[in-house]
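Asker:
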Amino acid sequence: MKKKFFSLLVFLATLLTVLPCFAAGEQKVFKTLNDFSEARFSTYSGSTAVYHTQNAIPHANNFVYYSTIADAIVALKSNKVDAFVCDDPVARLAVSKNPALKVFPEPIYPDNYGFAFPKNSPLTPQFNKIIQKFASDGTLQKLKDIWLGSDETKKILPKQDWTGKNGTIRCFHDYTSEPIIYVGSDGPLGYEMDVLLRIAKELDMKVELTMCEFDGLLAALQSGKADVICGCMSIMPERKNVVDFSDPHYKAALVLLIRNEAYVASEENFFDSIIASFNRTFIVENRWKLILDGLWVTILISACAGVGGLLLGFILCMLKREGSKTLRQIVSTFIRLIQGTPIVVFLMILYFIIFGSVNISPLPIAILGFTINFGVYAAEIYNSGLDTVDNGQREAALALGYTPKQTFWKVIFPQAAQHFLPILKGEFISMVKTTSVVGYISVQDLTMVTDIIHARTMEAFFPLIVTAAIYLIIANLLTSFLDLIEIKINPKHSKRTVKGVKM
Amino acid sequence: MIIDKQLNGSELILSLTGRLDTTTAPELEAVIKENIIGVTNLVMDFAGLEYLSSAGLRVILSAQKTMNKQGEMVIRNVNETINEVFEITGFIDILTIE
Amino acid sequence: MTKEALIKINHLRKEYPNATPLKNVTATIYKGDVISVIGPSGTGKSTLLRCINMMDPPTSGDIYINDEAITAPNCQLHLLRRKMGMVFQSFNLFNHKTVIENIMMAPMDLLGKSAQEAYDKGMELLRTVGLADKALNFPDELSGGQKQRVAIARTLAMEPEIILFDEPTSALDPTKVGEVLEVIRELAQKGMTMLIVTHEMNFAKDVSNRIFYMDQGEIYEDGTPEQIFEHPQRELTRHFIMRTKLMEEIITSKDFDFIAIRNNIDQFGKKYLLSPKSIHNMQVVFEELCVQTLLPYQGESPNLQFKIEYSDKTNSTQIRIAYPDKDFDLEEDMDMISFALLKNATTSIKTALTENGENEFILDIK
Numbered sequence: 006m007k008k009k010f011f012s013l014l015v016f017l018a019t020l021l022t023v024l025p026c027f028a029a030g031e032q033k034v035f036k037t038l039n040d041f042s043e044a045r046f047s048t049y050s051g052s053t054a055v056y057h058t059q060n061a062i063p064h065a066n067n068f069v070y071y072s073t074i075a076d077a078i079v080a081l082k083s084n085k086v087d088a089f090v091c092d093d094p095v096a097r098l099a100v101s102k103n104p105a106l107k108v109f110p111e112p113i114y115p116d117n118y119g120f121a122f123p124k125n126s127p128l129t130p131q132f133n134k135i136i137q138k139f140a141s142d143g144t145l146q147k148l149k150d151i152w153l154g155s156d157e158t159k160k161i162l163p164k165q166d167w168t169g170k171n172g173t174i175r176c177f178h179d180y181t182s183e184p185i186i187y188v189g190s191d192g193p194l195g196y197e198m199d200v201l202l203r204i205a206k207e208l209d210m211k212v213e214l215t216m217c218e219f220d221g222l223l224a225a226l227q228s229g230k231a232d233v234i235c236g237c238m239s240i241m242p243e244r245k246n247v248v249d250f251s252d253p254h255y256k257a258a259l260v261l262l263i264r265n266e267a268y269v270a271s272e273e274n275f276f277d278s279i280i281a282s283f284n285r286t287f288i289v290e291n292r293w294k295l296i297l298d299g300l301w302v303t304i305l306i307s308a309c310a311g312v313g314g315l316l317l318g319f320i321l322c323m324l325k326r327e328g329s330k331t332l333r334q335i336v337s338t339f340i341r342l343i344q345g346t347p348i349v350v351f352l353m354i355l356y357f358i359i360f361g362s363v364n365i366s367p368l369p370i371a372i373l374g375f376t377i378n379f380g381v382y383a384a385e386i387y388n389s390g391l392d393t394v395d396n397g398q399r400e401a402a403l404a405l406g407y408t409p410k411q412t413f414w415k416v417i418f419p420q421a422a423q424h425f426l427p428i429l430k431g432e433f434i435s436m437v438k439t440t441s442v443v444g445y446i447s448v449q450d451l452t453m454v455t456d457i458i459h460a461r462t463m464e465a466f467f468p469l470i471v472t473a474a475i476y477l478i479i480a481n482l483l484t485s486f487l488d489l490i491e492i493k494i495n496p497k498h499s500k501r502t503v504k505g506v507k508m
Numbered sequence: 003m004i005i006d007k008q009l010n011g012s013e014l015i016l017s018l019t020g021r022l023d024t025t026t027a028p029e030l031e032a033v034i035k036e037n038i039i040g041v042t043n044l045v046m047d048f049a050g051l052e053y054l055s056s057a058g059l060r061v062i063l064s065a066q067k068t069m070n071k072q073g074e075m076v077i078r079n080v081n082e083t084i085n086e087v088f089e090i091t092g093f094i095d096i097l098t099i100e
Numbered sequence: 006m007t008k009e010a011l012i013k014i015n016h017l018r019k020e021y022p023n024a025t026p027l028k029n030v031t032a033t034i035y036k037g038d039v040i041s042v043i044g045p046s047g048t049g050k051s052t053l054l055r056c057i058n059m060m061d062p063p064t065s066g067d068i069y070i071n072d073e074a075i076t077a078p079n080c081q082l083h084l085l086r087r088k089m090g091m092v093f094q095s096f097n098l099f100n101h102k103t104v105i106e107n108i109m110m111a112p113m114d115l116l117g118k119s120a121q122e123a124y125d126k127g128m129e130l131l132r133t134v135g136l137a138d139k140a141l142n143f144p145d146e147l148s149g150g151q152k153q154r155v156a157i158a159r160t161l162a163m164e165p166e167i168i169l170f171d172e173p174t175s176a177l178d179p180t181k182v183g184e185v186l187e188v189i190r191e192l193a194q195k196g197m198t199m200l201i202v203t204h205e206m207n208f209a210k211d212v213s214n215r216i217f218y219m220d221q222g223e224i225y226e227d228g229t230p231e232q233i234f235e236h237p238q239r240e241l242t243r244h245f246i247m248r249t250k251l252m253e254e255i256i257t258s259k260d261f262d263f264i265a266i267r268n269n270i271d272q273f274g275k276k277y278l279l280s281p282k283s284i285h286n287m288q289v290v291f292e293e294l295c296v297q298t299l300l301p302y303q304g305e306s307p308n309l310q311f312k313i314e315y316s317d318k319t320n321s322t323q324i325r326i327a328y329p330d331k332d333f334d335l336e337e338d339m340d341m342i343s344f345a346l347l348k349n350a351t352t353s354i355k356t357a358l359t360e361n362g363e364n365e366f367i368l369d370i371k
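So the protein sequences, as listed, match chains A, B and C. Residues in the first sequence are numbered consecutively from 6, following the numbering used here. Residues in the second sequence are numbered consecutively from 3, following the numbering used here. Residues in the third sequence are numbered consecutively from 6, following the numbering used here.
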């Protein structure tokens, strides 16, 4: 079994390494911005890149959206797109790590990054004052040199050793834009983080950081979960309608990241490259610890939602079967409502709207969300399982003198279990895999962790394969465990004897 | 019931097919009444007769009485069922059955 | 000998939204009674049984088990049910338990017996129904007859005072009916009180001391097997027991459709494969007695009821003609020819009174 699994991994690895070589067919050569009019662009969703690109390149209209920079860069390298419209610091760092890429010399649009606040936040003027001070005394330039430089040893954030007597700033931030904002072995890193912490120090306020998908940032701010958000956030007129921006702390530009046609891949040994990649993914910065943490979160959500959902499902099912007519209708409507809502949307509604004004960590919200979601499906599964038990079974038990309650637990439920367990098992395993969306409400589960690593290494292979492998293993372990229960409750699998009796 | 009648001079032949019962007996009675004047030889052919009720018997009896005065009456081709009816009712002694 | 009443049923009524299977049932079941409940389908036999143990709560009326009202809203229903076993048409063995576990379960859960006690008793019961070797099988490994015998053993394990059998052999392959009836017969010999809804007439006749004939939403006739099967007192009972096929015509006008009725008689005879002779004789009776003799005495608004009853069981045909008013004397009032034909068509002619008090001729057709 193990051997088989390993050979499958090797096969997939080979496939993934070899495939991009086939894909890279003809190479287009771009000399001026106008050469890009037929090109395929990639950019990240929720950004302003499309608007600015079309201003600079009139006929550009072939855009593909990726949710992380790492994905976009992998797409570029594998010739799925011709240019990645991205922020200048991101592009520079990508080039420094990938000799196969280069930045197109002509920028598309000058850009400015700032912090975003809720409308009329008192923090805005306070931040502005300090940003102006940092600009004039050279602090910003100094930090830019450090974080855009190649000396990793200097990239250290100040410790929050001030008293924080003026309170706490709750910051939600993106985590995929190295070197401006990203995640290292001990948490968030990057230029923007550094600026933020130094401002907080000046204000004598503590900073509470929460990682979040870029798409969720504005929602976090509007729901009052965050006091400030950041993550290479361009200062734009449309956004100013809903939030206030600080003065820019970084003058950047939108640039095109393209393939370097002059670069010829060195004849690297296949296994060496695998080992290097493995190192980058797991060993550097003790990234395997991140993976373990993420795995733990995934298991925690799955286990809690599994148990909670089974209980909730049972209660819903009983209400639906035994409750009054109104109650039955309410339960049915609730079940249909939850089943009809995509789990991501449901989680975001829970986190940003229902619990929007409550200061609560996203993990219990994720558990609650999956408990409810799993619960409604479990309720339907229980229900159909109970339906398969013939009414005659109930009548026979009642006629013998069992009470309705005893009848349910002694006769009906055990028989229904044989029908609903296999279906419940499938539903549970699918739920475990669906927990990978909790990153949307800033829970760092296995998938989000691998995204973080993927964002750092710009490599798709190991983070994705490892994630897939871990989910596969979890699902397999769970399946075997549940199979065991299933066999246990099937009376025909046990030895035919009567317990506690001298026969 | 179908009544087929043949009048050859003073001979009248009536062939009956079907059931001679409460509803059909009056028909036969009417046919006989119309044609019997001057008839000296009345022949009733029962080859096709399936059923004979008391109503029919009464018509036959009255025809026999008339013919007793002006000639003779003969009944032909009597099947088993009809013959039984004649036997039980004693008609077998009154009628001339060939 | 004074008999001890076990179950009393008072004015029991059961209505469903679209049917009323039980209109008014009153009966007493005594200890030691073996009662077969017979009657056409849809007459509430099973409903009666299911009301007795409250599987279907009655609409109105009372049922007392040993003077305790099971129909009372505050009664300990599950405790009263323990006194009454029920055997179902579809067996309803617990599919997730072995045969012996099916039998042991209730005594252990409900009577607090130890596993050993329940097992020993269960095996003893299995031996009496001849299935000790199937103790460790699951229900779906048994034939229908075996399942029903296990179901009886399961019921007996609770030591009930009465067993209600709801068509215990109706779902069985005909070859398996005997083995189940044999078990019930033995129970009857041991003096078990039983109420058995059944379509097995010979069995009902042999095994019961009482028969309930159910029809029209009530216990239409209650009597010994001898009374019900040999001398049924009431008309519907007689039809059911004799498996009578009926044809009925009511003549209410002098200008009735003679040909139509004549054809109906013909078709009725052909449908039940009566001999041409019998059909002929039925026609004779209709015409000579009904039409020629009785009808002329009826005045302007006649009311003659002409009924043919053909018994499948005895292969005999009877005609009953009911008429109002004057008592008619055939010898005196009937035309001689008609009377001769009538006598020849029948084996016997009797006069009687109907349940409505009308005069009636009963004629056995030759």
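Note that beta-carbon positions come from the ideal geometry of N, C-alpha and C, so glycine has one too.
Which residues, in order along the region 404–432 of chain A, keep a beta-carbon less than 8 angstroms from a beta-carbon of chain C?
Answerer: A404, L405, G406, Y407, T408, Q411, K415, V416, P419, Q420, Q423
Asker: Spell out whether any CB of chain B is found under 8 angstroms from the CB atom of E187/C.
Answerer: Start at 1 with the first residue of the third sequence, and residue 187/C comes out as number 182. Residue-level contact by beta carbon fails for E187/C and chain B, as no gap is shorter than 8 angstroms.
Asker: Roughly how many whole angstroms lie between the Cα atoms of Q133/A and F379/A?
Answerer: Taking the first sequence and counting its residues from 1, the one referred to as residue 133/A is at position 128. Taking the first sequence and counting its residues from 1, the one referred to as residue 379/A is at position 374. A quick correction: the sequence has Asn, not Gln, at residue 133/A. Looking at the two C-alpha atoms, the distance is approximately 47 angstroms.
Asker: Please tell me whether E213/A and R175/A are closer than 8 angstroms, where the distance is taken between their beta carbons.
Answerer: If you number the first sequence from 1, residue 213/A lands on position 208. If you number the first sequence from 1, residue 175/A lands on position 170. In contact: E213/A and R175/A (Cβ atoms closer than 8 angstroms).
Asker: Under 7 angstroms between beta-carbons, which chain A residues line up against H83/C? List them in chain order, please.
Answerer: By one-based count along the third sequence, residue 83/C stands at place 78. Chain A residues near H83/C: G406, Y407, T408.
Asker: Which residue or residues does DSSP assign as beta-bridge partners of K147/A?
Answerer: In the first sequence, residue 147/A corresponds to position 142, counting from 1. Residue pairing by DSSP places K147/A opposite no residue, since no beta bridge is assigned to it.
Asker: What would DSSP say about C26/A, mapped onto helix, strand or coil?
Answerer: The residue you call residue 26/A lines up with position 21 of the first sequence. Per-residue confidence for C26/A stands at a pLDDT of 43, beneath the threshold of 50, marking its modelled position as unreliable; no derived number is given.
Asker: Report the option in P367/A, Q423/A, L368/A whose CA atom is closest to the CA atom of D392/A.
Answerer: Counting from 1 along the first sequence, the entry for residue 392/A is found at position 387. Looking at the Cα atoms, Q423/A is the closest of the given residues.
Asker: Quick check: what's the CA-CA separation for L262/A versus C91/A?
Answerer: Residue 262/A sits at position 257 when you count from the first residue of the first sequence. Residue 91/A sits at position 86 when you count from the first residue of the first sequence. Roughly 7 angstroms separates the two Cα atoms.
Asker: If I follow the unbroken beta strand (DSSP E) through F177/A, where does it start and stop?
Answerer: Sequence index remark: in the first sequence, residue 177/A carries index 172 (1-based). Counting along the chain, the beta strand (DSSP E) containing F177/A begins and ends at 173–178.
Asker: Which residues, in order along the region 12–28 of chain B, keep a beta-carbon less than 9 angstroms from a beta-carbon of chain C?
Answerer: R21, D23, T24, T25
Asker: Should the region 110–122 of chain A be called in touch with the region 249–260 of chain A, which here means at least 3 C-beta pairs below 8 angstroms?
Answerer: yes
Asker: With burial defined as no fewer than 16 other Cβ atoms inside 10 Å of the residue's Cβ, what is the status of S366/A: buried or exposed?
Answerer: Translated into positions along the first sequence, residue 366/A becomes position 361. Under this definition S366/A is an exposed residue.
Asker: Using 8 angstroms as the limit for Cβ to Cβ distance, is E184/C near chain B?
Answerer: Reading the third sequence from its first residue, position 179 is the one you call residue 184/C. No, its Cβ sits nowhere closer than 8 angstroms to a Cβ of chain B.
Asker: Strictly by DSSP, which residues pair up with S182/A?
Answerer: One-based indexing of the first sequence puts residue 182/A at position 177. Per the DSSP secondary-structure output, S182/A pairs in a beta bridge with I186/A.
Asker: Please classify H424/A: does DSSP put it in a helix, a strand, or coil?
Answerer: The residue labelled residue 424/A in the question sits at position 419 within the first sequence. It is helical.
Asker: Nearest chain C C-beta to V64/B closer than 8 angstroms, yes or no?
Answerer: Locating residue 64/B in the second sequence gives position 62, where the first residue counts as 1. It should be noted that the sequence gives Ser, not Val, for residue 64/B. Not an interface residue.
Asker: Roughly how many angstroms separate the alpha carbons of E197/A and Q334/A, rounded to a whole number?
Answerer: Stepping through the first sequence from its first residue, residue 197/A is reached at position 192. Stepping through the first sequence from its first residue, residue 334/A is reached at position 329. Their Cα atoms are separated by approximately 52 angstroms.
Asker: Round the Cβ separation of F217/C and V42/C to the nearest angstrom and send it over; I've been treating them as touching at under 8 angstroms.
Answerer: On the third sequence, residue 217/C is found 212 positions in, with the first residue counted as 1. On the third sequence, residue 42/C is found 37 positions in, with the first residue counted as 1. So it is a contact: roughly 5 angstroms between Cβ atoms.
Asker: Tell me, please, whether the region 403–418 of chain A touches the region 350–359 of chain A by the rule of three or more beta-carbon pairs shorter than 8 angstroms.
Answerer: Because the criterion of three Cβ pairs below 8 angstroms is not met, the region 403–418 of chain A and the region 350–359 of chain A do not touch.
Asker: Could you compute how far the alpha carbon of S52/A sits from the alpha carbon of L223/A?
Answerer: By one-based count along the first sequence, residue 52/A stands at place 47. By one-based count along the first sequence, residue 223/A stands at place 218. Approximately 12 angstroms between the Cα atoms of the pair.
Asker: Any residues in the region 379–402 of chain A with a beta carbon nearer than 7 angstroms to a beta carbon of chain C? Which ones, in chain order?
Answerer: G397, Q398, E400, A401
Asker: For K102/C, tell me which candidate among G505/A, M508/A, I494/A, T286/A has the shortest Cα-Cα distance.
Answerer: Position 97 of the third sequence, counting from 1, holds the residue named residue 102/C. Checked all of G505/A, M508/A, I494/A, T286/A; the closest Cα to K102/C is I494/A.
Asker: Output, in chain order, the set of chain B residues within a Cβ distance shorter than 8 angstroms of D340/C.
Answerer: Here the question's residue 340/C lines up with position 335 in the third sequence. The contacting residues are S56.
Asker: Any Cβ of chain C within less than 8 angstroms of the Cβ of P347/A?
Answerer: Indexing the first sequence from 1 puts residue 347/A at position 342. Judged by the 8 angstroms Cβ criterion, P347/A is not in contact with chain C.
Asker: Could you tell me the alpha carbon to alpha carbon distance between S306/C and V41/B, rounded to whole angstroms?
Answerer: If you number the third sequence from 1, residue 306/C lands on position 301. If you number the second sequence from 1, residue 41/B lands on position 39. It is roughly 43 angstroms from the alpha-carbon of S306/C to the alpha-carbon of V41/B.
Asker: For M247/C, name the three-state secondary structure that DSSP assigns.
Answerer: Here the question's residue 247/C lines up with position 242 in the third sequence. Coil at M247/C, not helix or strand.
Asker: Could you check what DSSP says for H16/C in three-state terms: helix, strand or coil?
Answerer: As a position in the third sequence, residue 16/C is number 11, starting the count at 1. Of the three classes helix, strand and coil, the one that applies to H16/C here is strand, per DSSP.
Asker: I need the boundaries of the beta strand (DSSP E) containing T129/A, first residue and last residue.
Answerer: Translated into positions along the first sequence, residue 129/A becomes position 124. No beta strand (DSSP E) contains T129/A, which is instead part of the alpha helix (DSSP H) from 128–141.
Asker: Just tell me which of L279/C, R243/C, Y225/C has its CA closest to the CA of T322/C.
Answerer: Position 317 of the third sequence, counted from the start, is the residue given in the question as residue 322/C. Among L279/C, R243/C, Y225/C, the Cα nearest to that of T322/C is on L279/C.
Asker: Suppose only complete runs of 4+ residues qualify. What are the alpha helix (DSSP H) ranges in the region 24–92 of chain C, listed by chain order?
Answerer: 50–57, 82–86
Asker: Using a C-beta cutoff of 8 angstroms, does Q297/C count as contacting chain B?
Answerer: Locating residue 297/C in the third sequence gives position 292, where the first residue counts as 1. Q297/C counts as touching chain B.
Asker: Is the region 36–55 of chain C touching the region 194–202 of chain C, taking contact as three or more C-beta pairs under 8 angstroms?
Answerer: yes
Asker: Residues in the same chain with beta-carbon distance under 6 angstroms from K118/C, minus the five sequence neighbours each way, listed in chain order, please.
Answerer: Here the question's residue 118/C lines up with position 113 in the third sequence. Counting only Cβ-Cβ distances below 6 angstroms, and skipping sequence neighbours, we find P112.
Asker: Measure from the C-beta of F170/C to each C-beta in chain A and report whether the shortest distance is under 8 angstroms.
Answerer: For the purposes of this step, residue 170/C is identified with residue 165 of the third sequence, where counting begins at 1. With 8 angstroms as the cut-off, F170/C does not count as an interface residue toward chain A.
Asker: From I99/B, P28/B, L44/B, pick the residue whose C-alpha is nearest to that of K71/B; which is it?
Answerer: For the purposes of this step, residue 71/B is taken as residue 69 along the second sequence, with counting starting at 1. The shortest C-alpha separation from K71/B is found at L44/B.
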